[in-house]
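FYI, the numbering for the sequence shown is 368 to 748, going by this note's numbering.
Taking it in order: structure first as structure tokens, then the write-up.
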Amino acid sequence: MSGEWTIVGCGFAAKYPEGGGNFSVPLQYVLGLRRMGRRSLWLELLPSTGDPAKDRRNIATFRRRLSKFGLEKDYCILLAPPGVSAPTLEQVQFFGRTRRQFLDMVAGPCTLLNLSYSFKDPLLALFSCRKLCSLDPTEICFWMRQMDMGQHSHHEFWSIGLNTYGPDSKVPDAPVRWQTYFPLVDTATFAVAPRPLLDRFTTIGQWYWDGMVQWEGEWRDFSKKAAFEKFHDLPTACPKISFEAAMNFAHGDGEAERLHGLGWRTAVPHDIAATPQKYYRYIAGSTGEFSPVKLEGYAKSGWLSDRSAVYLAMGRPILTEPTGAEPYLPKQSGYFFVSSLEEAGEAARQATLDWQLHSRHARACACSCFDSVVNLKKMLA
Numbered sequence: 368m369s370g371e372w373t374i375v376g377c378g379f380a381a382k383y384p385e386g387g388g389n390f391s392v393p394l395q396y397v398l399g400l401r402r403m404g405r406r407s408l409w410l411e412l413l414p415s416t417g418d419p420a421k422d423r424r425n426i427a428t429f430r431r432r433l434s435k436f437g438l439e440k441d442y443c444i445l446l447a448p449p450g451v452s453a454p455t456l457e458q459v460q461f462f463g464r465t466r467r468q469f470l471d472m473v474a475g476p477c478t479l480l481n482l483s484y485s486f487k488d489p490l491l492a493l494f495s496c497r498k499l500c501s502l503d504p505t506e507i508c509f510w511m512r513q514m515d516m517g518q519h520s521h522h523e524f525w526s527i528g529l530n531t532y533g534p535d536s537k538v539p540d541a542p543v544r545w546q547t548y549f550p551l552v553d554t555a556t557f558a559v560a561p562r563p564l565l566d567r568f569t570t571i572g573q574w575y576w577d578g579m580v581q582w583e584g585e586w587r588d589f590s591k592k593a594a595f596e597k598f599h600d601l602p603t604a605c606p607k608i609s610f611e612a613a614m615n616f617a618h619g620d621g622e623a624e625r626l627h628g629l630g631w632r633t634a635v636p637h638d639i640a641a642t643p644q645k646y647y648r649y650i651a652g653s654t655g656e657f658s659p660v661k662l663e664g665y666a667k668s669g670w671l672s673d674r675s676a677v678y679l680a681m682g683r684p685i686l687t688e689p690t691g692a693e694p695y696l697p698k699q700s701g702y703f704f705v706s707s708l709e710e711a712g713e714a715a716r717q718a719t720l721d722w723q724l725h726s727r728h729a730r731a732c733a734c735s736c737f738d739s740v741v742n743l744k745k746m747l748a
């Protein structure tokens with residue numbers, strides 16, 4: 368076992384206890400590191416809500432979820448004062464590991480995998496090797512041109528934008544050189560699930576998006592709402608297949624009723640994915656995933672979803688729009704890249720007609736390309 372510590376730095380899981388899929392993202396890194404036999408820690412930066420009782424509940428929920436995977440001793444939460452995104456060491460409270468244990472850990476060689484720029488200076492200076500891992504390969508490049516997004520405080524830069532420097536890429540130039548990797552899924556944790564009795568393609572996400580990115584001189588709507596527009600009639604085109612979108616709609620939001628009128632089913636993410644286990648059961652109960660993309664489709668960054676990686680690991684084929692990732696996948700990958708309603712309908716029919724074959728391709732692709740250990744070995748070499 369390596370004597371060096373590998374620390375997965377995250378700032379978006381513990382503060383969102385309703386999001387089992389959100390929690391799943393850093394979980395894949397920690398599970399992979401454990402499988403590799405490395406000394407590892409999930410380091411979570413949690414901004415205080417200002418309500419001590421709510422903070423305690425969030426911390427308890429986080430620890431309980433880790434315990435389901437045997438990781439209850441492999442975490443440290445740094446509770447920061449409300450509204451402080453870049454706290455000092457003196458400002459944070461420690462949970463899981465003590466302050467002394469944490470300082471001993473970072474006193475020697477250690478590598479921080481900083482997911483989505485969760486950790487900033489002055490805490491960053493504690494780590495001897497700092498690798499920024501971008502899960503939004505286009506947006507971070509846009510913002511790096513406006514402000515410091517970690518380009519001055521990390522030693523390496525890793526992006527899931529597989530096509531960042533490839534053919535037809537429109538990823539904005541950034542002041543760093545990215546190395547690329549696939550979104551992670553720990554294939555040892557997930558097995559192929561049986562085909563459901565009812566064929567249904569599902570996805571989980573946010574219907575609206577408040578991000579403000581200027582693209583080709585215009586401020587565009589890069590929401591899932593906009594991405595779904597050209598596929599509205601998919602349930603009508605494939606009446607024997609069910610299509611379901613688990614999106615966050617506010618009570619009384621007319622969008623949910625509009626989708627129902629078009630033949631779509633909807634689900635509430637905070638119900639079907641409130642815990643990691645519920646999230647995984649929802650995916651296992653799907654025939655596959657159908658999910659148009661937003662900004663990354665325009666940018667041709669080669670982005671692929673971490674959620675889709677879990678679908679693949681469970682043997683679920685993916686219907687999605689091209690992002691530039693296609694050349695980096697096996698010829699038979701379980702992916703169907705579609706650009707129109709007609710293509711999506713045909714892909715859904717093909718995926719269900721020979722589901723066992725496409726399920727095998729999906730699982731094989733997950734193991735060869737997306738597996739946590741495969742990618743972590745590359746990133747930590």
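Even glycine gets a Cβ: it sits at the ideal position worked out from N, Cα and C.
The model shown is predicted, which means the values in this text are computed figures rather than measured ones.
- Spanning the alpha carbons of PHE469 and PHE509 requires a straight line of approximately 34 Å.
- The three-state reading of DSSP puts CYS734 in helix, counting H, G and I together.
- Looking at MET681, PHE436, CYS477, the one whose alpha-carbon comes closest to that of LEU398 is PHE436.
- Of all alpha-carbon atoms in ALA666, ASP673, TYR396, the one lying nearest the alpha-carbon of ASP535 is that of ALA666.
- For ILE685, the enclosing beta strand (DSSP E) begins and ends at 685 to 687.
- In the pairwise beta carbon analysis, the region 676 to 683 is classified as touching the region 538 to 555: at least three pairs are separated by under 8 Å.
- Distance check between PHE524 and each of SER483, ILE608, VAL451, VAL635 places SER483 closest, using alpha-carbon atoms only.
- Straight across, the Cα-Cα distance linking GLN717 with ALA593 is about 26 Å.
- In the DSSP annotation of this structure, the continuous segment of the alpha helix (DSSP H) that includes PRO393 starts and ends at 387 to 403.
- Closest by C-alpha distance to GLU439, out of SER407, LYS537, PRO454, is SER407.
- Here the C-alpha atom of MET514 lies approximately 37 Å from the C-alpha atom of THR569.
- PHE610 sits in a strand when the DSSP states are folded into three classes.
- Distance from the Cα of SER609 is smallest, within the candidate group ARG464, SER707, LEU565, for LEU565.
- With 16 or more other Cβ atoms from the protein chains shown falling within 10 Å of its own Cβ, HIS728 counts as buried.
- Under DSSP, GLU656 forms a beta bridge with THR569, ILE685.
- In the displayed model, ASN530 falls within coil according to three-state DSSP, outside both helix and strand.
- Within 10 angstroms of the beta-carbon of GLU596 lie fewer than 16 other beta-carbons, which makes it exposed.
- Rounded to whole angstroms, the Cβ separation of ALA560 and GLY712 is 25 Å, and the two are not in contact under 8 Å.
- About 6 Å separates the Cβ atoms of SER668 and ASN530, confirming a contact at the 8 Å cut-off.
- Boundaries of the beta strand (DSSP E) around LEU499: 496 to 501.
- In the three-state DSSP reduction, THR719 falls in the helix class (H, G or I).
- For TYR665, the secondary structure class from DSSP, reduced to helix, strand or coil, is helix.
- Put simply, the backbone Cα of PRO563 is about 47 Å away from that of PRO542.
- Of the residues assessed, TYR442 falls on the buried side of the cut-off, its CB having 16 or more other CB atoms within 10 angstroms.
- Note that the region 630 to 643 touches the region 378 to 390; at least 3 beta-carbon pairs, one per stretch, sit closer than 8 Å.
- Contact between GLN644 and ASN615 does not hold, since their C-beta atoms are separated by about 20 Å, which reaches or exceeds 8 Å.
- In terms of Cβ geometry, ASP588 and LEU629 do not form a close pair [threshold 8 Å].
- DSSP, read as helix, strand or coil, puts GLY691 in coil.
- In this model, ILE685 and GLN723 are separated by some 14 Å (Cα to Cα).
- Within the DSSP bridge table, the entry for ARG632 names GLU611 as partners.
- For the pair LEU394 and LEU410, the Cα-to-Cα distance works out to about 11 Å.
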